[in-house]
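For what it's worth, my numbering labels the leading residue of the sequence shown as 552, then goes sequentially. We put the CB at the ideal spot given by N, CA and C, even for glycine. Remember, it's a predicted structure, so these values are computed and weren't measured experimentally.
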Amino acid sequence: MKIKFILPLFVVAVLFALVSFTSSSEPQYNDIDEVVTIDIPENVKAIIDNKCMGCHSDEAKGGKSKMKMNFDKLSNGDYSTGKVISKLDKIVKMLGKDKMPPEKFLAKNPAKKLTSEESKLISDWASSQSSIMKGE
552 MKIKFILPLF VVAVLFALVS FTSSSEPQYN DIDEVVTIDI PENVKAIIDN KCMGCHSDEA
612 KGGKSKMKMN FDKLSNGDYS TGKVISKLDK IVKMLGKDKM PPEKFLAKNP AKKLTSEESK
672 LISDWASSQS SIMKGE
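Here you go:
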């Protein structure tokens, strides 16, 4: 009789321990659904204002580019933590591949080309913000 009571209790305890272990090993972003604002330092903001906001802001004429990345929404708290992390990681990826600004745009607007220093500054900022939000 005692075994019939202890065995199921033991099985439940083991299952509980396994569930606790597996859920804690997954990456956990800080309040993934919470809407957040993000601060952009003045030196980074100056570059973004001068070279990115023409296409990636609420006032931008092109719908596709501002839909993919909108710095106004990024800094105004219009995105959840998960979306902000995704956008920051995308900035790092696109700058790392030297895809922003696009060649077609630069053909008409060569002054908007990012220098390697500007690209690194924005990329480093985006990467560090993403890491902080991921809790890394």
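- Item | DSSP three-state assignment for S681, whether helix, strand or coil | Reading the sequence shown from its first residue, position 130 is the one you call residue 681. If DSSP states are grouped into helix, strand and coil, S681 belongs with the helices.
- Query: CA-CA distance, P652 and S674?
  - Reply: The residue given as residue 652 occupies position 101 in the sequence shown. The residue given as residue 674 occupies position 123 in the sequence shown. The straight-line gap from Cα to Cα measures roughly 14 angstroms.
- Task: Please determine if the segment 654 to 662 and the segment 633 to 646 are in contact, where contact requires at least 3 C-beta pairs separated by less than 8 angstroms.
- Result: no
- Message: Taking the alpha carbon of C727 as the reference point, which residue from K650, V587 and S681 has its own alpha carbon closest?
- Response: The question about residue 727 has no answer, for the chain in this structure spans 552 to 687.
- When burial is assigned at 16 or more other CB atoms within 10 Å of the CB, is M684 buried or exposed? What you label residue 684 is simply residue 133 of the sequence shown in a count that begins at 1. It is buried - the Cβ of M684 has at least 16 other Cβ atoms within 10 Å.
- Query: Leaving out five residues before and five after N621 in sequence, what residues of the same chain have Cβ atoms less than 7 angstroms from its Cβ?
  - Reply: Here residue 621 corresponds to residue number 70 of the sequence shown, with the count starting at 1. Contacts found: H607, S608 and D609.
- Task: Starting from the Cα of D515, find the closest Cα among S616, G614, A611 and K624 and give me that residue.
- Result: A query on residue 515 cannot be resolved here, the shown segment of the chain reaching from 552 to 687 and no further.
- Query: Hey, would you say V587 sits closer than 9 angstroms to W676, going by beta carbons?
  - Reply: As a first step, residue 587 must be located in the sequence shown, where it is residue number 36. As a first step, residue 676 must be located in the sequence shown, where it is residue number 125. Taking 9 angstroms as the Cβ cut-off, V587 and W676 do not qualify as a contacting pair.
- Item | N-terminal and C-terminal residue of the alpha helix (DSSP H) that K644 is part of | Walking along the sequence shown from the start, residue 644 turns up at place 93. Run containing K644: T632 to G647, per the alpha helix (DSSP H) assignment.
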